[in-house]
Amino acid sequence: MNLVYCYIEHPVSAIDQRYTYQFHDEKIEPGMRIQVDFAHRLCVAFVDEVVYNTKESFDFEIKDVVKVLDASPILNAELMALGKWLAETTVSPVIACFQAMLPAKLKPKSSKQRIKMEKWVRVHHVPLVMTPKRQEALSALQAVGEMTLTLWRRDFKSVGKALEECQAVEVFEKEAKAAEEKLSVSDFDLTLSEEQKQAIEQVLHPRKSVLCLHGVTGSGKTEVFLRCAKEVLKQGKQVLLLVPEIALTPMMVERVQKRFGNDVAIYHSALNDQEKYEQFQSVRRHEKNIVVGTRSAIFMPFDQLGLIILDEEHDSSYKQDSQPQYHCRDVAIWRGAVHHATVLLASATPSLETYARAIKDVYQLISLKSRVSNNLPDVSLINMQQTVKKGGSYILSPQLIDAMRLSLDRNEQVILLLNRRGYQPTIHCSECGTTLMCPHCDRALVYHKDDQSAKCHLCGYSIPVPSVCPSCKSPSLKGMGFGTQRLAEMVSELFPDKKIIRMDADTTARKNAHRDLLAQFGRHEADILLGTQMIAKGLDFENVTLVGILQGDAMLYRSDYRSSELTFDLLCQASGRSGRGQKKGKVLLQVFDDQHYAVRCALTHDYLKFFEQEMRYRHLAGYPPYTYLASILYIHKDKESASEAACEGMRCLAEETFRLLGPSELMKVKDEYRFRICIKSKSLTQLQKAVYQLSRKHRSSKSKVRLQIDINPLNMD
């Protein structure tokens, strides 16, 4: 009897185990998808192990495999092992980890998408007697080997069809691939600084397998990446270059393609399913050897990986916020170890966890302390409390308006950062004090002026703005605060002859919007770029000489132990967008608390001072990197059920030696109540083991309350 052990397609913990089926003459290998009868339903399963000619007996019926869906494995042995490691370390179902690795067209799901196919032709046999035209057509086909049926019939018309009918030419199907423009390659002969030369040498001949590249903004980190990638590719190995957000992808892709042409694959969430599938397969077939992408690109099917680069490694976008909740950095280090590849973690503001390991020599530390072109921009603080007291606007200070006018008059460009989208964040009744709230979430509705709507930015709920207060029927509803829409309107009134580009989640929803908007700004088709944090990092525009940061201290008031780190990172990264060319840059930072250490350190770009102070606070409070954390969310539409399940979870953990926090009630989201337990431990292994046991107990209780587990969470709001 031939047996196959597989995981069923549904990513739920209740069926997170291997199931056994038998097969006969079919070709089945680990990493392939099969169709099976599971609980009287046809489901797709993922093959984990195959056993031939077993004599083992079972006390239950072994069903037959219904159908084999793949001709060859779609995940190699390394990715199969990675999936199991992910499941163990994130306490997630194994099948959820396999599904996270694959483009939609290859995911092991019943709703399998059809892979687009295309008809091609090739020579089947050469007839002994042919007309000159048929001989010419067949010779042309033999010269190229094969061509699309469309091209064949276009070029050879009736002659081509006649050759098909006499079976001299064979028609067959092949996976369709989008036509690709041939890209020219330019090997730029840029002069490297001594620091860059030393950094490249250390990356190519490292002491450690993981390196931390700490370089100030504008220090030429990208050029280091490209030089190192070139040398690794020369060795016949593959390169992965990761960026945290889609907004950064177009600019990085442009630079990489100029060096490496069509050898570059691009992979991020804005691609459609067919495009993702084609890019995935191009790497698998070694058609492309360097990949530029966001978090999901870490699962590309490499087999000769030589270098993995995480640009802006501190960015929280590298952490997946849905099951499995992995951190891309951890996966990169795991894959680097398997491939004996170098892992380069690069940032102007490394995460505390990364830098702490670097100064302990767990990771190799490389520093770029100077900008390539000139000095860092001058940063000035503007205390908005004083501005408002003097009768000024709480949105734009007089100093920022004057600085904008000076830069714009010199035909230079300006970037304004406001990390809040919409027109106004709340709609408030001045009579009774009511704030319009989302009926499905504990979140105020945001006013969007362009379509006169009130929207929830958590669940997407939207209504037309009411003309009267729903509570007291007063017509005194007013928007309060300001977002990017209102800022754009105000700037347009101040500078009516200047073109403004707004970048936030609303303006970048359509495909290629990030690329198109940034390209417009790069061509100086706009004078002012304003937006949320997506414009704060990685952008390189030589004509930008002024960056204005509005509400720069807003993140300090989040209920998150990382709020100071997030604030410092954002301020430093945004400041780095100014003065990247030959012109001197300037940054104006508007805050209400100008004495906070995160703000003061950002003012002088002093990462080491911030690191030392923040580490002291982390040590006192027992937070990472001094401990490991686990967040356990209990989620249900009934508040009492969620609360009781969380309390039961606390009782289960009471015997452990961990420090426990909670259960604490979080905001309702999408009609679901959420209670959280937070666990702190000095041992990651013990923490994962305890959370796994807690998950098993919860599963065995048959509770309807959903458990959401996050090991080492980055978002504690």
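The opening position of the sequence shown corresponds to residue 1274 in our numbering, with each subsequent residue numbered one higher. Each residue gets a CB set at the ideal place from its N, CA and C atoms; glycine is no exception. In this text the structure is predicted, and so the values were computed from the model without any measurement.
In the DSSP assignment, M1940 falls within the unbroken beta strand (DSSP E) covering 1932–1942.
In terms of CA proximity to S1653, T1877 leads the group L1926, T1877, Q1511, C1925.
For the pair D1298 and G1509, the Cα-to-Cα distance works out to about 38 Å. The stretch 1504–1537 contains, as complete alpha helix (DSSP H) runs of 4+ residues, the segments 1522–1533 (chain order). Within the model, the alpha-carbon separation for D1842 versus A1809 is close to 10 Å. Collapsing the DSSP output to three states places P1376 in coil.
For Y1550, the number of other beta carbons within 10 angstroms of its own is at least 16, and it is reported as buried. In the assembly as shown, I1581 is a buried residue. Its beta-carbon has 16 or more other beta-carbons within 10 Å.
DSSP places G1433 in the helix class (H, G or I) of the three-state scheme. In the DSSP annotation of this structure, the continuous segment of the alpha helix (DSSP H) that includes G1795 starts and ends at 1786–1795. Beta bridge pairing from DSSP links P1737 with S1726. Under DSSP, D1337 takes part in a beta bridge, and its partners are Q1295. Taking one beta carbon from each stretch, the stretch 1775–1795 and the stretch 1487–1502 have fewer than 3 pairs nearer than 8 Å; the two do not touch. Taking all protein chains shown into account, S1973 has fewer than 16 neighbouring C-beta atoms within 10 Å of its C-beta and is therefore exposed. Between Q1637 and R1500, the gap from beta carbon to beta carbon reaches 8 Å or more. Check the Cα spacing between D1332 and each of C1702, D1310, T1293: the tightest is with T1293. Shown here, M1807 sits in a helix according to DSSP, grouped into three states. DSSP, reduced to helix, strand and coil, places K1392 within a strand of the structure shown. Residue burial annotation: I1774 is buried, with at least 16 other C-beta atoms found within 10 angstroms of its C-beta. Rounded to whole angstroms, the gap between the alpha carbons of V1537 and A1847 is 28 Å. Around the beta carbon of Q1855, fewer than 16 other beta carbons lie within 10 angstroms, which makes this residue exposed. In the three-state scheme derived from DSSP, where H, G and I count as helix and E and B as strand, M1274 is classed as coil. Within the model, the alpha-carbon separation for K1430 versus H1397 is close to 18 Å.
Of the candidates G1752, E1504, V1820, H1612, the residue whose Cα lies closest to the Cα of V1483 is H1612. Nearest in C-alpha terms to H1559, of all of A1570, A1472, F1575, E1351, is F1575.
Per the C-alpha coordinates, the member of P1523, P1597, E1885 positioned closest to P1284 is P1597. Taking 3 residues as the minimum length, the beta strand (DSSP E) runs contained wholly in the stretch 1884–1960 are 1901–1909, 1932–1942, 1945–1954, in order along the chain.
Taking a cut-off of 8 Å for Cβ pairs, the stretch 1963–1977 and the stretch 1881–1901 do not touch, as fewer than three such pairs fall below it.
At a cut-off of 3 residues, the continuous stretches assigned as beta strand (DSSP E) that sit fully inside the stretch 1637–1666 are 1637–1641, 1651–1656. Shown here, V1635 sits in coil according to DSSP, grouped into three states, outside any helix or strand. Between the C-alpha atoms of A1413 and V1320 there is a straight-line separation of about 44 Å. Counted as a single uninterrupted DSSP element, the beta strand (DSSP E) harbouring F1445 occupies residues 1442–1448. Of the residues L1352, V1489, K1447, the one whose Cα lies closest to the Cα of R1644 is V1489.
The beta carbon of A1903 sits closer than 6 Å to the beta carbons of I1952, L1960, V1964, I1984 from its chain, once the five residues preceding and following it are set aside; these are given in chain order.
Here L1681 is not near D1588, since their CB atoms are 8 Å or more apart. A contact between stretches requires three or more CB pairs, one per stretch, nearer than 8 Å, and the stretch 1431–1446 fails this requirement with the stretch 1366–1381.
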